[in-house]
Every structure is written in C-alpha cells, then in structure tokens.
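First comes the structure, then the notes that go with it.
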Amino acid sequence: MIYESVGYDEMFSAEGAPRTACEPFVTRLQEIPDAELRNRQQAAELNLHNMGITFNVYGHEDGTEKVWPFDLLPRIIDSDEWQRVEQGLKQRIHALNLFVSDIYNEQHILRDGIVPRELLQSAKTYREQMAGFKPPQGVWCHISGVDLIRHADGTIYVLEDNLRCPSGVSYVLENREVMKRAFAKVFEGMSVVPVEEYPEQLLQTMLECAPPHVSDPTAVVLTPGIYNSAYFEHTFLAQQMGVELVQGSDLIVDNGYVYMRTTKGVQRVDVIYRRIDDDFLDPKCFREDSCLGVAGLIDAYRRGNVTLANAPGTGVADDKAVYAYVPQIIKYYLGEDAILSNVPTYICSDESQRDYVIHHLDELVVKPTNESGGYGILMGPQASQAERDEYVELIKANPRNYIAQPMLQLSTVPTLVEDKLEPRHVDLRPFVLCGKDIYVMPGGLTRVALRRGSMVVNSSQGGGSKDTWVLRSDGPHSVGNHNAHVENGSSNA
Amino acid sequence: MLSRVAEAVYWLARYIERAENVARFIDVNYNLTLGEGSTLGHQWAPLVYTTGDESLFQELYGEPTRETVLQFLAYDKRNPNSILSCVANARENARSVRETITVPMWQQINTFYLMVTAAARQGQPLTEPNEFCDAVKQASHTILGQTYATMSHGEAWHFARMGRLMERADKTSRIVDVQYYLLLPSAKDVGSSLDVVRWSALLRSASALTMYRRVHGPITPNNVARFLVLDRDFPRAVHFCIVRAQDSLCHITGSAQGTFKCRCEQLMGRQRMELDYTSIEDIIRQGMHEYIDQFQLHLNELGIAIHNDFFRLPTNTTEASQSQTQSSS
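These protein sequences, in sequence, are chains A and B.
Using UniProt numbering, the letters of the first sequence map in sequence onto residues 1 to 493.
Using UniProt numbering, the letters of the second sequence map in sequence onto residues 1 to 329.
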C-alpha cells in the first residue's frame, strides 16, 4: 500500500507508520486487494442509492436530490483522545447555555465587561423577544453540532459552534449502517463504540424539556418541507423517534397552545424540534412574510405552553465574533480553563484588530459573522488581489459583520480515489444534546473534501463524508460518564 | 379440499416464514457483533436457543462459534430448521400441490430455492451474512405478496395464512424470551443505563423499531415486550398473529366467532382470548419466561390439534401420516 500524506494525517504518522489506535484497522485493510476495495466502495454507494440517502442542492435543476457522497475508509479516534474531546464539548455547551440564559436575562457577563455590550447589541441573531425568558430546565441549546478540526500542529481546535439547527446527524447513523453492510469484513473484530443510541437520546432530551406541567408530552419535528436541503434528515429523525413530521400548515395556535390538525380533530403539541430558522418561525413575531412558520407560536412559547428546541435566539452564542470570547465565557461561568482550543480570531469591529486584518489579508481567512454553510468566506492566501481589495471595502463598510482567522491546515484521512488511497482533508462535527444531562454522540460527522488539496468540506461544494469510529477503551467503562448538570437559569460565576 | 393438499399448503407457508425468521435472527445478531471487538462464540450461542435446536447443535458441532452457528442456521441440511432445509421443504410441499397454488407463487418458491442452494453450494462459510439474509427476507415477502395477490382467498389460502401466522407467533415469542432473559439482568447491573442499542436490535429483528417508536416512544423493556407480544396491530406481534390465525380458522371451519366444532378451534379460541385479556403487568408478574413457555406449549398443542382435525388420514391406516416438524422446544 502506497500512501503519502503531507501535514497531519489521522491514520499514519509522519514516518508513515500507522498510529497505534489505527494499527488493527490498517492490518486488516492491507489484507484486502485494491479491486476488492473498489467493489466495496461501489457496494456502499449502491446501498446509499437504494436507501434513498440524499441531500438537496439549491440551484440544481436536474433532480434536486443528490446521493450522499460517502468514502469507505473510516476516520478513527482513540478512546483517550475522545474522552478529552467529549469533556471539552460538555464544558463548552454547558457554558454557552449559561451564557445565552444570562444574555436574555440578568446580563451579568456584560455588566462585568467580559463580553462587550456593543457586540451583543449589534448581533443580528439577538432576539429581543426572548428577553426575560426562562425555558424549561434552563435549556436553550438542546441540540448543537460543534465543528472541530485538527491543525498541522496536531491540536484539535473548535472552528465554530452551531447552536441553531445543525444538520448532519442522520448521515452519521446512515453511514454506520452502510459501513456495516458494505465493509463488514473489516468492521468485524474492531472495537467501535455504537452510535445507534442517538435517536433515543434525542427523544429523551425533548421529552425532558417539555413544559413541566405536561405528564405525557407529545413531540414533533417541524420541517420547512421537501425543498429544504436537509429534508432527508428531518424525515429520518422523525421516523427514528416515532414522532410526527409536521409542516407549519399542520399546526395552529389557539388560546396560547399549539395543536396539530389530525383526522381525530386537533391534538396538543408540547415539544417542537424545529428545523426552521428563527426568522421564519412565527410571522407575528419575526418575518411577516414567512409562510413556513406558525402564527402565534412565539406567544405560546413565551407563555410556557410549548417547548422549542432549540430556543429562539441561541444564534447569539454562535455568532463568529462572540466565538472569540468563548474561552472567557467558559472561565466566567464555570471557573475552568477551556479544554478545547479556540482558533485565534480577529474581530473586525475592534479597531486595532481590524487594521491588522486589513494589512494581513493574504495570510488570513475572512468570514462573515452570521453565515453558515461556508458561504461568503474569503481564503486570503488563495484569493486574487482584486478579491482581497473587495473584502477590504466590505470590512470597512461593516466591520461588525466580519472576523478573520489564520489559515489552518486541516488534517487528512486516507480516502479511496479510484483504487488508490490518497490523503483528503477532513473536519469533524460531533453532536451534543443538552437536556437534564449533556450527552455527546461518540464521534460525529466526518466531512471530507473530495478534491485534492481542497479544504472545503461542505456537501454543497464537493464534500463527502466518512464513518467516524471512536474506539472502545479496554476498561469496562468505555466513554467517560461525567455528566455536566445544567442548572436552572443560574448564571453567576 | 384434500387433507393432503391442505397440509402441504399449510406447511409450505410455515417453512417460508421459518426461513425468513432465521434470516432475521442472523442478520440482527451479526449487525450487533460488528464493532464489539471480538467474535466470540458467546455472542452467537443465543441464536441456537432462539431456534430451539441447541441439542442438535451440540451433537453436531460442540461449542458454538460464529462460523459453526452460521453454517448450522443457514446451510446445514442436517438441521431441519436451517434456512436451506426450510426452503427445500417448502419447495417439496409446493411441488406436491402445484395445481392448487398459482404459477407466480411456484416460480417464486422455486427461484428462492435455487438462490439458497446456489449460495450453500459455493462451499464458502457465510462470512458476511447481511446480503444473504436480505435476499431471504425479500424472497419470503415476495412469496407472501404473490400468495395474497394471485391466489383466491378461499380455503387453501386460509390454510397458508394460518400456517404462516402460527409460525411467526412462535418465532417472535422465542426471540422475546431469549433476548429478554439476556438483556434484563444487564439492565440491572449497570443501574439506570439501559442497553438501548441491544433493545433496539431486538425490535429490529422483527422490523418493529419504527412502529414501536410511533406507539411507545422511548425504549423500555416492558414496552418492548408489550409491543412484541400483545400489540394488536403490528403484524409480527404474537397477539396480531393469533387473532388473524383464528380468523382464518373460522373461515376454514365455517364456525361462528366464539363457537367451536373441533379441538383446534377450541384451543385457538382460548389462546386468542387469553391474549385479548392479558396485560404486560400480568406477564411480568408471572415471569416472562414462564409465560412464553406456557404459550409455546399451547401453540404446540394447537399444532397437533390442527394436524388431527384436518390432515390425519382415516384411522384404518395404521400409521398416522407422517407429520412435519414443528419446531422442537
């Protein structure tokens, strides 16, 4: 097997030897002839095709559904490293949840000058309608997907916290299913922590956070409909949890309660896992022109008659300028140092940092503070002078809207290209559930940039995915069981 | 209709259903063992208990290993309940009643048989059974569909349906029995943390996970047992099977509901009533294993009564016709 990687590779060390945790896998892999690997890859693709695992790409006329691109070779994470990541994620989500609660209530962190008040007031994602609100169990961010990358220095960094409607978890579950079918021979005998528990955990999280007076709550998944890029995931999660998948038109609000229209009349809904952005949730409260949402939903929510997951307004905590303060936020609320590192971030609304950014654009990545999906990003080192000049103007015109970060070199994982293995860059999105306890799904979604040298992993832009294996530790208690408890509304350090 | 024909149709359906269930057990167990870190025999031994053939297995192979269990359950002709044996028996029965079943049914059964024998003839151990098990399930369902859609829903059809449902009730109850026993102690050991992955697998072995979720939501041992044993609407639940089997029996005999003319109607009616008015709490109080043991006994008695009431030749033949194997218990 010939495999040469540049930079940090997840499976092989710089000397070309398999990393300790990957040794059993590599040994197994070497026993498989190249042609067989290709067959397996095709079997996996056929499987995905038959299972109808697709995503929608906006602006593609010929068939909006695309088969999910999948690479056969897994990304492997050893149990010790994962324990640290898991602790770090729990810590981070715990703190961010307290932060959101504080922002919409007492605002201690602003008064104490830890996070600048202007930054929050100017955040597009701040929802004044949520001021003074306390959701059930004190939980705002029920479902988060935190993007992690490993830089050339071997350190894992948090790239962004997605606290609104992160998607991708259905692909984690389906990737594992496909892997077990197509690559069983290699899977057998490996010690991999199962991921199949997720739907149960998600359902429990939703039920735990139901309005407290309801004894047998009814949960639903709210989708914008079949044209949404993540529609497959919406149907998948509803099916896995056994709850109704509803559209805005299926719901009505009456006298402060939410109901769904059924053949047996209306039935009360207590928890809504909404996969619709804040803006479109309720035309009475946010965008008037929204036909995806439900009129009166926010009023019902504020009265405590229905739970929304995630709560409206959590976007303030994944604003990319606020991101820069997460280490201080963790310190402030939990009195602990952040376990997971932040990428150094320059906030353009700060004058001196802005000057630095403008003079070092050729070394930096510039990102809009309030976009996701990889849109509106300038890769400084690869951009033309004209593109950089354009961004200088954009930044000057609206500095609050931009941050900049050094260009990070994403780690690679061997990926099947025709019938050879080549390094391809990956990131990792673990999913974190926050109910009475915090649960981290072992592993997460490994996205891979399928084009040589590319660092863009988004599926809309030529990205694919891999199964992610968290290895079991030898001891009887595999993955750490420390559960951070989220306290109801307490926000003091 | 001729007793011989009725018997053949009844057993044809039972054998197809049996093959499908063995494939389900293998498939789910295999999926569970992937990523478990070892391929020890102890993960495979319970499967032999589920099909009820542990003594034969012991005699032929000794200690269970992954390879031997798979061989025994899928391809071994010496095991009357292997997938190969079941499909071969189903085909033999079908051959004897080709004038009664339809051409599409026969063709599908024959194709199924050829597929399984070809797989077995390759002589290779069944290392990755997923694909094979999928094909077996698919073939079984195609036969079910052909039977439903191309055969008149008359007496022969009701014998086929009754056979199929009795077999399914038997297999669902067995897997609940074995898995409940295996999973429950571990739930106590670890305290509150339920092995959701394994309980889900039990549901998946009956393709029941999606429907279970819609009825009960979160997974609890009692609700899983309640669903697989007592649910009225789920087609692999024991209760569903017995209700429909009784319906077919009534069509065959022409008796009104709640009345009986022969022994098998009596036993079927009692069993159905028993399931109609049993709650999961009753079962737990009695003990899951004890309850299912009792159920299996009744089911065997019922099978014998069906044999005596419909299939047995007149008494002047010295030996009663050779009865086909119920799964031994």
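The beta carbon of each residue, even a glycine, is placed where N, CA and C say it ideally should be.
Among residues of its own chain, excluding the 5 on either side of residue i, which ones have a beta-carbon nearer than 8 Å to its beta-carbon?
i, result
"N162/A", "S144, G145, V146, D147, D318, S372, R429"
"S192/B", "Below a pLDDT of 50, predicted positions are generally treated as unreliable, and S192/B, at 48, falls in that range; no measurement from the model is reported."
"V306/A", "P211, Y257, V258, V269, D270, V271, I272, L297, A300"
"S341/A", "T155, I156, Y157, V158"
"N308/B", "R263, C264"
Please list the partners that residue i has in chain A, where partner means a Cβ-to-Cβ separation under 7 Å.
i, result
"N130/B", "R181, A184"
"residue 338/B", "Residue 338/B lies beyond the residue range present for chain B, which begins at 1 and ends at 329; the question has no answer from this structure."
"V196/B", "E197, E200"
Along the alpha helix (DSSP H) that carries residue i, what are the first and last residues, could you check?
i, result
"K320/A", "320-323"
"H425/A", "Segment 420-429 is the beta strand (DSSP E) holding H425/A; no alpha helix (DSSP H) there."
"Y332/A", "326-334"
"T50/B", "45-51"
"E177/A", "169-182"
What is the residue span of the beta strand (DSSP E) that residue i lies within?
i, result
"E106/A", "Premise fails: E106/A is in no beta strand (DSSP E) and is neither H nor E."
"F70/A", "70-77"
"L394/A", "Looking at the DSSP string, L394/A is not in any beta strand (DSSP E); the run it does join, the alpha helix (DSSP H), is 385-397."
"R285/B", "Taken as a continuous stretch (DSSP letters only), R285/B belongs to no beta strand (DSSP E), being part of the alpha helix (DSSP H) at 280-286."
"D467/A", "463-470"
"I403/A", "402-406"
"Y157/A", "156-162"
"K367/A", "364-368"
"Y439/A", "438-440"
"I149/A", "143-150"
"D307/A", "The identity of residue 307/A in the sequence shown is Thr, whereas the question assumes Asp. Run containing T307/A: 307-309, per the beta strand (DSSP E) assignment."
"G265/A", "265-269"
Under the rule that 16 or more other beta-carbon atoms within 10 Å means buried, what is residue i, buried or exposed?
i, result
"E291/A", "Position check: residue 291/A holds Cys in this sequence, whereas Glu was assumed. Exposed."
"A14/A", "exposed"
"S173/B", "buried"
"I184/A", "With the sequence shown as reference, residue 184/A is identified as Ala, and Ile is not the correct amino acid for it. Burial call: buried."
"S459/A", "buried"
"I101/B", "buried"
"Q179/B", "buried"
"N50/A", "exposed"
"V6/A", "exposed"
"G113/A", "exposed"
"residue 497/A", "With chain A running from 1 to 493 in the structure shown, residue 497/A is simply not present."
Give the interface partners of residue i over in chain B, defined as CB-CB distance under 8 Å, in chain order.
i, result
"V146/A", "Neighbours of V146/A on chain B: none; closest Cβ ~23 Å, over 8 Å."
"V306/A", "Here the premise fails: no neighbours, minimum Cβ distance about 18 Å."
Ignore the nearest five residues each way along the sequence and tell me which others in residue i's own chain have a CB closer than 6 Å to its CB.
i, result
"G248/A", "L292, G293, V294"
"C241/B", "L165, R168, A169"
"V238/B", "A169, T172, S173, V229"
"A324/A", "T345, I347"
"Q43/B", "T33"
"S167/A", "A230, E233"
"K137/B", "E20, A23"
Taking Cβ-Cβ distances shorter than 9 Å, what residues in chain A pair up with residue i?
i, result
"V200/B", "Correcting the residue identity first, residue 200/B is Ser in this sequence and not Val. Simply E196, E197, P199, E200."
Quick one: what's got a C-beta closer than 7 Å to residue i's C-beta in the same chain, skipping five residues either side?
i, result
"Y356/A", "Y346"
"L308/A", "I272, R274, Y301"
"C250/B", "Q257"
"N223/B", "H216"
"F260/B", "Q266, G269"
"V424/A", "Looking at the sequence shown, residue 424/A is not Val but Arg. Closer than 7 Å at Cβ, skipping near neighbours: T412, V413, T415, V448, A449, L450."
"R91/B", "I109, N110, Y113"
"I276/A", "L222, P224, L292, G293"
"L184/B", "P221"
In chain B, what lies closer than 7 Å to residue i by C-beta?
i, result
"L203/A", "G217, P218"
"R472/A", "G37"
What I want to know is whether the C-beta of residue i ends up closer than 7 Å to one or more non-hydrogen atoms of the ligand FMN.
i, result
"A156/B", "In terms of ligand content, the structure shown is empty, and the ligand FMN therefore cannot be addressed."
If the cut is a Cβ gap below 9 Å, which residues of chain B does residue i touch?
i, result
"V192/A", "L34, G35, E36, G37"
What are the residues of the segment 210-241 of chain B that lie near chain A, defined by any Cβ-Cβ distance shorter than 9 Å? Of all residues in the segment 210-241 of chain B, T210, M211, Y212, R213, R214, V215, H216, G217, P218, I219 have a Cβ within less than 9 Å of some Cβ in chain A.
Identify each residue in the segment 17-32 of chain B for which the Cβ-Cβ distance to at least one residue of chain A is less than 7 Å, and report them in chain order. Against chain A - using a Cβ distance shorter than 7 Å - the residues of the segment 17-32 of chain B are N31.
Using a Cβ-Cβ cut-off of less than 7 Å, give me the residues of the segment 123-151 of chain B that come near chain A, in sequence order. Listed by position, the residues of the segment 123-151 of chain B near chain A (Cβ gap below 7 Å) are T127, E128, N130.
Closer than 8 Å between beta carbons: that is the criterion. Which residues of the segment 237-251 of chain A meet it against chain B? Listed by position, the residues of the segment 237-251 of chain A near chain B (Cβ gap below 8 Å) are Q239, Q240, M241, G242, V243.
Taking only beta carbons into account, state which residues of the segment 412-425 of chain A come closer than 8 Å to chain B, listed in chain order. Correct list: empty, as no residue qualifies.
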